[in-house]
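**Q** Chains as they are written, first to last, in our numbering: chain A, 156 to 366; chain B, 15 to 396.
The structure is given below, and queries will be raised subsequently.
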Amino acid sequence: MSTRVLIVDDHRLFRSGVRAELGDGIEVVGEAEDVDTAVARIAELEPDVVLLDVHMPGGGGQEVLRRVLGSGSSVRFLALSVSDAAEDVIGVIRGGARGYVTKTISGRELTDAIKRVAEGDAVFSPRLAGFVLDAFASSEAPSIDPELDSLTQREREVLRLIARGYAYKEIAKELFISVKTVETHVSSVLRKLQLSNRHELSRWATARRLV
Amino acid sequence: MTRPVDGQLVAGVAKGIAQQLNLDPVVIRLAFVLLTVVNGIGIVAYAALWLFTPRRPYEGVPPQRDWSQIAAFTAIGMALMVFGWLTGASGGGIATWPIAVVGIGALILWQQADPDRRRRWMSGAVKGVRHNHIRSLIGMALVVIGASGFLYVQGEFAEMRPGLLFTAVVVGGLAVIAAPWLAGLWKELQLERRERIRQEERAEFAAHVHDSVLHTLTLIQRNAHDSREVQRLARSQERELRNWLYQPEQDADATLAAAVRRVAAEEEDAHGVPIEIVCVGDRELDSRFSAMVHAARQAMVNAAKYSESAVVSVYAEVEPEEVTIFVRDRGKGFDLNTVPDDRMGIRQSIIGRMERNGGSARIRTAPGEGTEVMLTMKVENS
Numbered sequence: 156m157s158t159r160v161l162i163v164d165d166h167r168l169f170r171s172g173v174r175a176e177l178g179d180g181i182e183v184v185g186e187a188e189d190v191d192t193a194v195a196r197i198a199e200l201e202p203d204v205v206l207l208d209v210h211m212p213g214g215g216g217q218e219v220l221r222r223v224l225g226s227g228s229s230v231r232f233l234a235l236s237v238s239d240a241a242e243d244v245i246g247v248i249r250g251g252a253r254g255y256v257t258k259t260i261s262g263r264e265l266t267d268a269i270k271r272v273a274e275g276d277a278v279f280s281p282r283l284a285g286f287v288l289d290a291f292a293s294s295e296a297p298s299i300d301p302e303l304d305s306l307t308q309r310e311r312e313v314l315r316l317i318a319r320g321y322a323y324k325e326i327a328k329e330l331f332i333s334v335k336t337v338e339t340h341v342s343s344v345l346r347k348l349q350l351s352n353r354h355e356l357s358r359w360a361t362a363r364r365l366v
Numbered sequence: 015m016t017r018p019v020d021g022q023l024v025a026g027v028a029k030g031i032a033q034q035l036n037l038d039p040v041v042i043r044l045a046f047v048l049l050t051v052v053n054g055i056g057i058v059a060y061a062a063l064w065l066f067t068p069r070r071p072y073e074g075v076p077p078q079r080d081w082s083q084i085a086a087f088t089a090i091g092m093a094l095m096v097f098g099w100l101t102g103a104s105g106g107g108i109a110t111w112p113i114a115v116v117g118i119g120a121l122i123l124w125q126q127a128d129p130d131r132r133r134r135w136m137s138g139a140v141k142g143v144r145h146n147h148i149r150s151l152i153g154m155a156l157v158v159i160g161a162s163g164f165l166y167v168q169g170e171f172a173e174m175r176p177g178l179l180f181t182a183v184v185v186g187g188l189a190v191i192a193a194p195w196l197a198g199l200w201k202e203l204q205l206e207r208r209e210r211i212r213q214e215e216r217a218e219f220a221a222h223v224h225d226s227v228l229h230t231l232t233l234i235q236r237n238a239h240d241s242r243e244v245q246r247l248a249r250s251q252e253r254e255l256r257n258w259l260y261q262p263e264q265d266a267d268a269t270l271a272a273a274v275r276r277v278a279a280e281e282e283d284a285h286g287v288p289i290e291i292v293c294v295g296d297r298e299l300d301s302r303f304s305a306m307v308h309a310a311r312q313a314m315v316n317a318a319k320y321s322e323s324a325v326v327s328v329y330a331e332v333e334p335e336e337v338t339i340f341v342r343d344r345g346k347g348f349d350l351n352t353v354p355d356d357r358m359g360i361r362q363s364i365i366g367r368m369e370r371n372g373g374s375a376r377i378r379t380a381p382g383e384g385t386e387v388m389l390t391m392k393v394e395n396s
């Protein structure tokens, strides 16, 4: 069965570009160009994965996440953006997206990422992995929940390899673990990123207006 | 002599004289204030000069007046007047001057505003008075009390103090009445100032887009047949625009991450292969780490030139005790043992340079497997 995808982006050219690039096993069921349409289409079409642009008129991707996930929907989001600003990346992930990739990603990689998100796994771009390492490393304040507020050695290793440009398969080979285990580690990092109430995570992202 | 527009406080008369006489305008301005306070000649002279001096031609948006300076000079003038009045140094008639000064100030503001704004000010003042019945009533009462009190003590002018007191009451009353109007005026000025700043920002943005983005788009159209060149142009423009939008001004020679970014950008431009950089942590750049960045640059050059990889990944991590830089490609790779000894790139520029500076370099590659260069350097804790 193919993965049903909704593309949310305010640029028509970009939507048709993505549509043309997506590989086998992906069925684009619809498109939306702003926040309201996106919320309506998601409710109506119930796609497996929503490809979500971060910057859109009317509140952007974060507003879509807030409204859709707030209503109890379990649809999965993959954020797709030209921006690599830490604020935006950390913002949509904490808003509930299961992954973040930049628009320069190739069609094949995007197809893989969509399938991975559809299966409930997380997708980290090298840059997102770098942000996470940076954000969790720069902590001197005592953490409230040690389990959520720090990364394990293994998670750190996995993130480091993602940041170095390794694909999941290559990471598995490098660390002598299965691809499934790599996915588990990444999902666990995603959970920490979303649930950790370390306020300095958001503050860090805002302070660091770096690309 | 002409009156310049930039740097004028009232009409540019003082600044014009100052430029003519090669003096600081502050001196001239103080002289005008002093002359005004002593016998009023200053203001007359100013007005005359204003009338008879031509305005210097000026193109573009007139610059913002420095209101704080105007306020300062007005305050000085007022203080001098009050002083003169209290000490009796300058006759009784001087008491009318503060009112004259305020009036002239208001007139200038009035004259500078456009007709539309004037209408708004007017309606605002009327509405303000109507809406603040209590305030107006109190103000009126104060004026009446003050005036009658003043008249009452007129007969016994020898007793100066009650007279002063009631004068103060009159002024207070007037202030209460005028307060909302003055506040509105002030708010209006602030608003106008903010709008002007916004316009300037927009103009700067437009200028930047024109110089960089539009220019690159033209170049791309002209080089449309050369896909490599088009990609190089697009990448370099993207990087520049990102830096301009998101990145704080950074000195590329001061920190490690900035240096790695700069080096990668230069090699990306030179070879037309995208170099993706991820940096975690940062530190100051000293000579050892500069050498490390040089080694990383050589690794990037090798990857971009020989690997035939579509993209090169660079990852730099600064930890408290160690710095690591990885340069990786997914290109064709090579057999390390077959590299001739005289190939300077790897042996000297990368491994040798790292070892000379107390670090190490490891190269992992095999034909068809891509190449990864790992550079590590311990942080010296001194």
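Positions of the beta carbon are idealized from the N, C-alpha and C atoms, including for glycine.
Note that the structure is predicted; figures quoted are calculated from it, not measured.
Once DSSP output is grouped into helix, strand and coil, what is the label at residue 288 of chain A?
**A** Here residue 288 of chain A refers to the residue found at position 133 when the first sequence is read from its first residue. Note: residue 288 of chain A maps to helix in three-state DSSP.
**Q** Here's a check: name, in chain order, each residue in its chain whose Cβ is nearer than 7 Å to the Cβ of residue 166 of chain A, leaving out the five neighbours to either side.
**A** Within the first sequence, the letter at position 11 stands for residue 166 of chain A. For residue 166 of chain A, where only same-chain residues beyond five positions count, there are no Cβ hits under 7 Å.
**Q** Tell me, to the nearest whole angstrom, how far the beta carbon of residue 196 of chain A is from that of residue 185 of chain A; I am working on the premise that it is less than 8 Å.
**A** Here residue 196 of chain A refers to the residue found at position 41 when the first sequence is read from its first residue. Here residue 185 of chain A refers to the residue found at position 30 when the first sequence is read from its first residue. Correct: roughly 5 Å between the Cβ atoms.
**Q** Only counting runs of 4 or more residues, tell me where the alpha helix (DSSP H) segments fall wholly within the region 201-253 of chain A, in order along the chain.
**A** Fully enclosed alpha helix (DSSP H) runs of 4 or longer: 215-225, 241-250.
**Q** Kindly indicate the opening and closing residues of the alpha helix (DSSP H) around residue 66 of chain B.
**A** Within the second sequence, the letter at position 52 stands for residue 66 of chain B. First-last of the alpha helix (DSSP H) with residue 66 of chain B: 55-66.
**Q** Buried or exposed: where does residue 229 of chain B fall if 16 or more other Cβ atoms within 10 Å of its Cβ makes it buried?
**A** Numbered from its first residue, the second sequence carries residue 229 of chain B at position 215. That one is exposed.
**Q** Strictly under 7 Å for the Cβ-Cβ distance: is residue 289 of chain A near chain B by that measure?
**A** One-based indexing of the first sequence puts residue 289 of chain A at position 134. So, interface residue.
**Q** On the criterion of 16 or more Cβ atoms from any shown chain inside 10 Å, does residue 331 of chain A qualify as buried, or is it exposed?
**A** Position 176 of the first sequence, counted from the start, is the residue given in the question as residue 331 of chain A. Result: exposed.
**Q** Select from B/303, B/289, B/335 the residue whose C-alpha is nearest the C-alpha of residue 328 of chain B.
**A** Indexing the second sequence from 1 puts residue 328 of chain B at position 314. Checked all of B/303, B/289, B/335; the closest Cα to residue 328 of chain B is B/289.
**Q** Comparing the C-beta of residue 202 of chain A with each C-beta of chain B, is any distance below 7 Å?
**A** By one-based count along the first sequence, residue 202 of chain A stands at place 47. Taking Cβ atoms only, chain B never reaches closer than 7 Å to residue 202 of chain A, which makes this a no.
**Q** For residue 392 of chain B, which residues does DSSP report across the bridge?
**A** In the second sequence, the residue the question calls residue 392 of chain B occupies position 378. Note: residue 392 of chain B sits in a beta bridge opposite B/336.
**Q** Just grab the DSSP bridge partners of residue 170 of chain A for me.
**A** For this step, residue 170 of chain A is matched to residue 15 along the first sequence. Paired residues: none, contrary to the question.
**Q** Using a beta-carbon distance below 7 Å, is residue 287 of chain B in contact with chain A?
**A** Position 273 of the second sequence, counted from the start, is the residue given in the question as residue 287 of chain B. So no, residue 287 of chain B is outside the interface.
**Q** Tell me whether residue 269 of chain B sits in a helix, a strand or coil according to DSSP, three-state version.
**A** Counted from its first residue, the second sequence places residue 269 of chain B at position 255. Residue 269 of chain B falls in the strand class under three-state DSSP.
**Q** With a threshold of 16 other CB atoms inside 10 Å of the CB of residue 108 of chain B, please say whether the residue is buried or exposed.
**A** Looking up residue 108 of chain B in the second sequence gives position 94. Reliability fails at residue 108 of chain B, whose pLDDT of 47 lies under 50, so the model's placement of it is uncertain and no value is given.
**Q** Any beta-carbon of chain A closer than 7 Å to the one on residue 329 of chain B?
**A** Your numbering for residue 329 of chain B matches position 315 in the second sequence. Answer yes: the Cβ-Cβ gap between residue 329 of chain B and chain A drops below 7 Å somewhere.
**Q** Using only the alpha-carbon positions, how far apart do residue 212 of chain A and residue 190 of chain A sit?
**A** Here residue 212 of chain A refers to the residue found at position 57 of the first sequence. Here residue 190 of chain A refers to the residue found at position 35 of the first sequence. Between the alpha carbons of residue 212 of chain A and residue 190 of chain A lies a gap of roughly 7 Å.
**Q** Quick test of your reading: residue 341 of chain A and residue 276 of chain A, contact by CB under 8 Å. State the CB separation rounded to the nearest angstrom.
**A** Against the first sequence, residue 341 of chain A aligns to sequence position 186. Against the first sequence, residue 276 of chain A aligns to sequence position 121. With 8 Å as the limit, residue 341 of chain A and residue 276 of chain A qualify as a contact, their Cβ atoms being about 7 Å apart.
**Q** Which residues does DSSP pair with residue 119 of chain A in a beta bridge?
**A** Given that chain A is displayed from residue 156 to residue 366, the structure contains no residue 119 of chain A and the question cannot be resolved.
**Q** Can you say whether residue 211 of chain B is buried or exposed, counting buried as having 16 or more other CB atoms within 10 angstroms of its CB?
**A** Mapped onto the second sequence, residue 211 of chain B falls at position 197. Residue 211 of chain B is exposed by the Cβ-count criterion.
**Q** Does the distance from the C-beta atom of residue 271 of chain B to that of residue 300 of chain B stay below 7 Å?
**A** The residue you call residue 271 of chain B lines up with position 257 of the second sequence. The residue you call residue 300 of chain B lines up with position 286 of the second sequence. No; because the gap between Cβ atoms is not below 7 Å, this pair is not in contact.
**Q** Does the beta carbon of residue 319 of chain A come closer than 7 Å to any beta carbon on chain B?
**A** Counting from 1 along the first sequence, the entry for residue 319 of chain A is found at position 164. Chain B contact via Cβ: present.
**Q** Can you name, in chain order, every residue of its own chain whose Cβ lies under 7 Å from the Cβ of residue 29 of chain B, other than the five neighbours on each side?
**A** Here residue 29 of chain B corresponds to residue number 15 of the second sequence, with the count starting at 1. Answer for residue 29 of chain B: 18, 21, 22, 39, listed in chain order.
**Q** Taking Cβ to Cβ, would you say residue 184 of chain B is nearer than 7 Å to residue 153 of chain B?
**A** Here the question's residue 184 of chain B lines up with position 170 in the second sequence. Here the question's residue 153 of chain B lines up with position 139 in the second sequence. For the pair residue 184 of chain B and residue 153 of chain B, the CB atoms are not nearer than the 7 Å cut-off.
**Q** Give the straight-line distance between the Cα atoms of residue 50 of chain B and residue 63 of chain B, rounded to the nearest whole angstrom.
**A** By 1-based counting over the second sequence, the position of residue 50 of chain B is 36. By 1-based counting over the second sequence, the position of residue 63 of chain B is 49. Rounded to whole angstroms, residue 50 of chain B to residue 63 of chain B spans 14 Å at the Cα level.
**Q** Report buried or exposed for residue 307 of chain A, applying the criterion of at least 16 other Cβ atoms within 10 angstroms of its Cβ.
**A** The count along the first sequence starts at 1 and reaches residue 307 of chain A at position 152. It counts as exposed.
**Q** Measuring CB to CB, does residue 204 of chain A end up less than 7 Å from residue 222 of chain A?
**A** The count along the first sequence starts at 1 and reaches residue 204 of chain A at position 49. The count along the first sequence starts at 1 and reaches residue 222 of chain A at position 67. No, the Cβ-Cβ distance between residue 204 of chain A and residue 222 of chain A is not below 7 Å.
**Q** Can you give the Cα-Cα distance for residue 325 of chain A and residue 208 of chain B, rounded to whole angstroms?
**A** As a first step, residue 325 of chain A is located in the first sequence; it is residue number 170 there, counting from the start. As a first step, residue 208 of chain B is located in the second sequence; it is residue number 194 there, counting from the start. The alpha-carbon atoms of residue 325 of chain A and residue 208 of chain B are separated by roughly 54 Å.
**Q** Note down the Cα distance separating residue 275 of chain B from residue 249 of chain A, rounded to an integer number of angstroms.
**A** Position 261 of the second sequence, counted from the start, is the residue given in the question as residue 275 of chain B. Position 94 of the first sequence, counted from the start, is the residue given in the question as residue 249 of chain A. Near 27 Å, if we compare the C-alpha coordinates of residue 249 of chain A and residue 275 of chain B.
**Q** Once you ignore the five residues that flank residue 121 of chain B on each side, which residues in its own chain have a CB closer than 8 Å to its CB?
**A** Along the second sequence, one-based indexing puts residue 121 of chain B at 107. Confidence at residue 121 of chain B is low in this model, with a pLDDT of 49, below 50, so the placement of that residue is unreliable and no value is reported for it.
**Q** Figure out for me which residue from B/188, B/386, B/394, B/335 has the closest Cα to the Cα of residue 316 of chain A.
**A** Mapped onto the first sequence, residue 316 of chain A falls at position 161. If we check each option's Cα against that of residue 316 of chain A, B/386 comes out closest.
**Q** For residue 292 of chain B, decide whether its Cβ has a neighbour in chain A, counting only Cβ atoms nearer than 7 Å.
**A** On the second sequence, residue 292 of chain B is found 278 positions in, with the first residue counted as 1. Yes, its Cβ sits closer than 7 Å to a Cβ of chain A.
**Q** Among A/208, A/287, A/281, which one has its Cα closest to the Cα of residue 318 of chain A?
**A** Against the first sequence, residue 318 of chain A aligns to sequence position 163. Out of A/208, A/287, A/281, the CA that lies nearest to the CA of residue 318 of chain A is found in A/281.
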